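Student: Below is the structure I would like to discuss, written out as structure tokens.
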């Protein structure tokens, strides 16, 4: 959509590496059109568009049960989803086995498949990191930023928006091991893809389904609860969504001070290693 590029240029909506925030802008424009706030020109299709419906095949069928403790499966490998084959498999796993099912990620994102180096090709879990919620009162109060600081530096927060340990995997301590590994690996992967390092991870846990045990074991910090309006509700209009527990994980020691700066410097590798 050429219009999205134009809007990004007019608003100077760019990533730290200078690239336009095309994905985020297009998503906002499509949402405004769905709410009948704007009327967008018809998109000219030059090739058949990919269906949003996930077609499930045998490669995502349940595997034989895996049990034991996390030590039986280390070292773990977080494999970037960077091919059509891996993307198809990841999408199917999420569609079949995650309670929220598959949705097209919003904005910048990275996906991972987790496997043990002792058992190549035996997938254990799936992860998605994507753009953060626009506003969350407990998070914003914890950071201590004002609206201008939040608008400027929100991109330095990354959301762990999907985490699925596959249902045939019952391995003690595995989930927290994966989260710890992901927090160490994500910064470099994100920088390679988007030109900057994030400063803070966040996630939302549904207390009706989960207790957040794995996040707490991996040293994530519980901040409070959402108001049940949805992650991108800017006008306070959405109602009736499930209340979620908010957890964050700092990727550097002075994360709040950096997020409140006019230009937060990227954390050094040693900062993340000290956490």
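Numbering (the numbering used here), first residue to last: 595 to 869. Each residue gets a CB set at the ideal place from its N, CA and C atoms; glycine is no exception. This structure is a prediction, so every number in the text was calculated from the model and none was measured.
(1) Where does residue 857 sit, in a helix, a strand or coil, going by DSSP?
(2) Below 8 angstroms on the Cβ atoms is my guess for residue 726 versus residue 751; work out the distance and round it to an integer in Å.
(3) With 16 other CB atoms within 10 Å as the buried threshold, where does residue 615 fall?
(4) By DSSP's criteria, residue 797 is part of a beta bridge. Which residues make up the other side?
(5) Based on the DSSP output, what are the partners of residue 723 in its beta bridges?
(6) What do you get for residue 705, buried or exposed, if any count of 16 or more other CB atoms within 10 angstroms of its CB means buried?
(7) For residue 670, list the residues DSSP reports as bridge partners.
(8) What do you reckon, are the CB atoms on residue 764 and residue 659 nearer than 9 angstroms?
(9) Alpha carbon to alpha carbon, how far is residue 836 from residue 800?
(10) Taking CB distances under 9 angstroms as the criterion, tell me whether residue 817 reaches chain D.
(11) Confirm, please, whether the CB-CB distance from residue 844 to residue 794 is below 9 angstroms.
(12) Note down, in chain order, each residue of its chain lying with its Cβ closer than 7 angstroms to the Cβ of residue 693, except the 5 sequence neighbours on either side.
(13) Helix, strand or coil for residue 788? Go by DSSP, reduced to three states.
(14) Okay, do the region 813 to 820 and the region 845 to 854 touch, 3+ Cβ pairs below 8 angstroms being the bar?
(15) Starting from residue 815 and walking both ways along the beta strand (DSSP E), at which residues does that stretch end?
Tutor: Quick answer:
(1) Coil.
(2) 4 angstroms
(3) buried
(4) 841
(5) Beta-bridge pairing links residue 723 to 704, 754.
(6) buried
(7) 710
(8) Yes, the Cβ-Cβ distance between residue 764 and residue 659 is below 9 angstroms.
(9) 7 angstroms
(10) Checking the listed chains, one finds no chain D in this structure; it contains a single protein chain.
(11) Their beta carbons are under 9 angstroms apart, which means residue 794 touches residue 844 by this criterion.
(12) 803
(13) helix
(14) no
(15) Boundaries of the beta strand (DSSP E) harbouring residue 815: 815 to 819, taken from the DSSP string.
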